[in-house]
Structures are given as structure tokens and as C-alpha cells.
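The block underneath contains the structure these notes are about, expressed in C-alpha cells.
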Amino acid sequence: MLLHKNNLMTVNVLTAFLFLLTLNVFSQNIQNNPQSNHGNKFEQLGTILPTPNEYRTASGAPGNKYWQQKADYDIDVTLDEKNLSIIGTETVTYHNNSPDVLTYLWLQLDENQHDPNSFIQTIDQNTIREPVTDADLKTLKPKENLAGLGDKIDAVLDENGKPLKYTINETMMRIDLPKALASKGKVKFKIKWHYKMINRIEYGGRGGYEYFPEDGNYLFTVTQWYPRMCVYSDFQGWQNKQFLGRGEFALAFGNFKVRMTVPADHLICSTGECQNYQTVLSP
């Protein structure tokens with residue numbers, strides 16, 4: 003077919019317009035795909051990162067008014083090998099370095115993940131393979147086998163020994179302060195608790211005990227074992243999401259003074275600096 007020059011230019015222009023229109027529609031489909039779970043494919047980080055402020059700069063460095071909370075712990079803890087349990091008392095000194103007034107505090111009770119009444123038990127998945135082994139059956143975790151597990155809070159007291167009001171919500175505990183904690187202030191309180199350790203070989207997890215029947219003794223792996231302060235930050239407030247047995251949480255910095263009482267024939271591996279080698283080690 004012969005085309006007049008003007009007609010040819012019209013066709014070329016029309017083709018280019020349709021091509022550009024197709025590209026535009028295609029790109030719009032990519033960027034606004036409702037079926038995608040990855041967000042905008044070409045979205046820049048600038049729209050995702052929080053707006054810089056006096057606490058956190060655009061470079062990622064702390065701002066001129068950056069702050070961070072502090073929690074100091076003074077802990078006395080005993081390993082009861084006979085009853086496979088941990089018994090502890092801790093005094094927490096919480097420093098409010100934020101500009102906010104706090105009327106309550108949140109703490110983590112990670113051991114409550116093993117509580118038989120915890121919602122975690124209802125969402126935990128189990129499978130039976132072929133052939134079924136004894137280990138497979140043990141992972142089904144009959145509820146009666148979990149009886150007595152989880153943190154047992156014996157007391158929450160202020161620095162004068164008066165009871166403090168507290169509420170336990172699964173793996174979280176909230177302490178209501180009788181007097182609001184002002185900015186730059188600090189509060190001291192005491193918690194007494196105990197819990198029964200879990201067989202971590204049968205039920206999994208990082209903390210618990212392992213029994214050696216040939217030797218008639220135990221290996222204890224003690225993790226996430228004390229009630230500890232949740233993080234309070236400028237961008238999130240209280241970080242009080244439930245602990246589901248996996249993942250990690252940030253913690254406030256602080257100083258630790260820990261006194262551990264264990265059976266005399268046990269060896270301890272721990273972080274920190276031992277203060278009484280001459281007392282606990284044989285000549």
C-alpha cells in the first residue's frame with residue numbers, strides 16, 4: 003500500500019502515541035498492582051523511612067536530642083535442680099531519659115510462652131510423619147504435660163516494700179505506677195518470681211534442661227529467664243508485642259549485678275565478669 007507522506011507521518015505519530023500509552027499503562031499496573039504484597043515496585047526509600055527529626059537525623063545518626071532508656075538490674079537467682087526450677091528476686095532501677103511522663107511500665111515474661119493456657123499453644127503447629135517416631139509423638143505437647151509451666155509472679159513491690167498493681171497479659175506484664183514517672187526521673191521496684199523449666203529436647207526452645215539418663219544428671223540452658231523491661235522509644239513507644247517463641251526483642255541498656263546459687267558440682271558458663279573466683283573455684 004502506498005501512503006502519502008502526510009499520512010505516513012500520521013501513522014508514525016499515532017504508533018508512537020499508542021506505544022507510549024502502552025508503556026504508561028503497563029507501568030501503572032506494576033506500581034498499583036492490588037495483588038502484590040511487596041508494595042510499590044519502584045518506590046523510593048524516602049517514602050518508607052520515618053521523617054527526620056531532632057531525635058533521629060536523615061543520615062541515620064542520632065539527633066541532638068536523642069535519648070535512650072536505661073534499666074539496671076540487681077538479681078538473686080537460685081537453680082533448684084531437684085525441682086527443675088528457677089527462683090529469683092530482682093530489683094530494677096528504671097531511668098526515664100525520655101521527655102515523656104510515664105504512668106505505667108511494661109516488662110517481658112518470656113517463659114509464659116510455655117504456659118498451658120497461653121494462646122501460643124493454640125497456634126502452634128504439629129505434624130505427624132510416616133513412620134511416626136516417639137519423638138514425633140512427644141512434639142504433640144499434651145496440655146497436661148505443660149502443667150505448672152510459665153512465670154509465677156510471687157510479688158511486685160515498690161522500693162518501700164508496698165505492693166504495686168500489675169496486670170499480666172500472656173508474655174507481657176504491665177506495672178501501674180502509683181506516682182507518674184517524670185522525665186529524667188527514675189523508679190525502683192522489686193519482683194519475686196519462679197518458674198518450672200521445660201525439657202527443651204522434647205519440646206524445643208532455647209531455654210530448659212536436657213536429661214542424660216546414662217549419667218543421671220542434667221544440662222541446664224537458661225535463657226530469657228528474668229522479667230525484663232520492654233523498650234520504650236521515641237518512634238514506637240512501648241515495644242510490647244507478644245513473644246511467640248521465635249524472634250528477638252531489643253532491650254534497654256543497663257548495668258547488671260547477678261548472684262547465682264547453683265549446686266556445688268555444676269559449672270557455669272555466662273556473660274559478665276565473675277566477682278568471686280576464689281570462692282567458687284577449687285584450689
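Residue numbers (this note's numbering): 3 to 285.
A virtual CB, placed ideally from N, CA and C, is assigned to each residue, including glycine.
If you're wondering where the values come from, they're calculated on a predicted model, not measured in any experiment.
Quiz prompt | Exposure of residue 232, with buried meaning 16 or more beta-carbon neighbours within 10 Å | solution = Stepping through the sequence shown from its first residue, residue 232 is reached at position 230. Only buried fits residue 232, as 16 or more other CB atoms lie within 10 angstroms of its CB.
Self-check item: First through last residue of the beta strand (DSSP E) which encompasses residue 261
Solution: Taking the first residue of the sequence shown as 1, we reach residue 261 at position 259. Counting along the chain, the beta strand (DSSP E) containing residue 261 begins and ends at 258-263.
Quiz item: Going straight from the alpha carbon of residue 74 to that of residue 259, what length do you get?
Solution: Position 72 of the sequence shown holds residue 74. Position 257 of the sequence shown holds residue 259. If you take the alpha carbons of residue 74 and residue 259, they lie about 8 Å apart.
Practice problem: Counting only runs of 4+ residues fully inside the region 197-258, write out the alpha helix (DSSP H) ranges in chain order. | Solution: 202-205
Self-check item: Nearest-angstrom Cα separation, counted from residue 235 out to residue 220
Solution: Your numbering for residue 220 matches position 218 in the sequence shown. Your numbering for residue 235 matches position 233 in the sequence shown. So the alpha carbons of these two residues sit roughly 40 Å apart.
Practice problem: Indicate whether residue 212 and residue 202 have their beta-carbon atoms separated by less than 8 Å. | Solution: By 1-based counting over the sequence shown, the position of residue 212 is 210. By 1-based counting over the sequence shown, the position of residue 202 is 200. The answer is yes: Cβ separation under 8 Å.
Self-check item: Local conformation of residue 90 per DSSP, three classes
Solution: As a working note, residue 90 is residue 88 in the sequence shown. Residue 90: strand per DSSP, three-state reduction.
Quiz item: Are there three or more Cβ pairs, one per stretch, closer than 8 Å when the region 185-199 is compared with the region 149-160?
Solution: yes
Quiz item: Taking Cβ to Cβ, would you say residue 71 is nearer than 8 Å to residue 99?
Solution: As a working note, residue 71 is residue 69 in the sequence shown. As a working note, residue 99 is residue 97 in the sequence shown. It is a contact, given that the beta carbons lie within the stated cut-off.
Quiz item: Which of helix, strand or coil does DSSP assign to residue 273?
Solution: Numbered from its first residue, the sequence shown carries residue 273 at position 271. Residue 273: coil per DSSP, three-state reduction.
Practice problem: State whether the region 181-190 contacts the region 82-99, with contact taken as three or more CB pairs (one from each stretch) at a distance under 8 Å. | Solution: yes
Self-check item: Identity of the residues DSSP links to residue 134 by a beta bridge
Solution: For the purposes of this step, residue 134 is taken as residue 132 along the sequence shown, with counting starting at 1. DSSP lists no bridge partner for residue 134.
Quiz prompt | Alpha carbon of residue 105 to alpha carbon of residue 181, nearest angstrom | solution = In the sequence shown, counting from the first residue as 1, residue 105 sits at position 103. In the sequence shown, counting from the first residue as 1, residue 181 sits at position 179. The alpha-carbon atoms of residue 105 and residue 181 are separated by roughly 7 Å.
Exercise. Kindly identify the DSSP beta-bridge partner or partners of residue 69.
Key: One-based indexing of the sequence shown puts residue 69 at position 67. Note: residue 69 sits in no beta bridge, so no partner.
Quiz item: Along the chain, where does the beta strand (DSSP E) that runs through residue 110 open and close?
Solution: Residue 110 sits at position 108 when you count from the first residue of the sequence shown. Segment 104-110, the beta strand (DSSP E) holding residue 110.
Quiz item: Using 8 Å as the threshold, is the region 159-178 in touch with the region 53-62, meaning 3 or more CB pairs across them?
Solution: no
Practice problem: For residue 183, collect the residues of the same chain with a Cβ closer than 6 Å to its Cβ; drop the 5 residues on either side in sequence, then sort them by chain order. | Solution: For this step, residue 183 is matched to residue 181 along the sequence shown. Cβ neighbours of residue 183 beyond the five flanking positions: 98, 104 and 189.
Quiz item: Quick one, are the C-beta atoms of residue 86 and residue 118 less than 8 Å apart?
Solution: Your numbering for residue 86 matches position 84 in the sequence shown. Your numbering for residue 118 matches position 116 in the sequence shown. Taking 8 Å as the cut-off, the Cβ atoms of residue 86 and residue 118 do not count as close.
Self-check item: Given residue 81 as reference, the closest of 255, 177, 242 and 225 once Cα atoms are compared
Solution: Locating residue 81 in the sequence shown gives position 79, where the first residue counts as 1. Here the closest residue by C-alpha is 225.
Quiz item: For the alpha helix (DSSP H) that contains residue 57, what are its first and last residues?
Solution: If you number the sequence shown from 1, residue 57 lands on position 55. No alpha helix (DSSP H) holds residue 57; DSSP gives it neither H nor E.
Practice problem: Measure the alpha-carbon distance for residue 253 versus residue 240 and round it to whole angstroms. | Solution: As a first step, residue 253 must be located in the sequence shown, where it is residue number 251. As a first step, residue 240 must be located in the sequence shown, where it is residue number 238. One C-alpha to the other measures close to 11 Å.
Self-check item: Status (buried if at least 16 other CB within 10 Å, exposed otherwise) for residue 116
Solution: On the sequence shown, residue 116 is found 114 positions in, with the first residue counted as 1. Label assigned to residue 116: buried.
Practice problem: Assign residue 133 to buried or exposed, taking buried as 16 or more other Cβ atoms, counted over all protein chains shown, within 10 Å of its Cβ. | Solution: As a first step, residue 133 must be located in the sequence shown, where it is residue number 131. Result: exposed.
Quiz item: For residue 83, which residues from the same chain have a beta carbon less than 7 Å from its beta carbon, with the 5 sequence-adjacent residues on both sides left out?
Solution: Numbered from its first residue, the sequence shown carries residue 83 at position 81. Excluding residues up to 5 positions away in sequence, 220 and 265 lie with their Cβ nearer than 7 Å to the Cβ of residue 83 in the same chain.
Exercise. Return the chain-ordered list of same chain residues with a C-beta closer than 7 Å to the C-beta of residue 50, the five sequence neighbours on each side being excluded.
Key: Numbered from its first residue, the sequence shown carries residue 50 at position 48. For residue 50, where only same-chain residues beyond five positions count, there are no Cβ hits under 7 Å.
Quiz prompt | residue 173 burial status per 10 Å Cβ neighbour count (16 or more: buried) | solution = As a working mapping, residue 173 is identified with position 171 in the sequence shown. That one is buried.
Quiz item: Between which two residues does the beta strand (DSSP E) containing residue 173 stretch?
Solution: Within the sequence shown, numbered from 1, the residue matching residue 173 stands at position 171. Premise fails: residue 173 is in no beta strand (DSSP E) and is neither H nor E.
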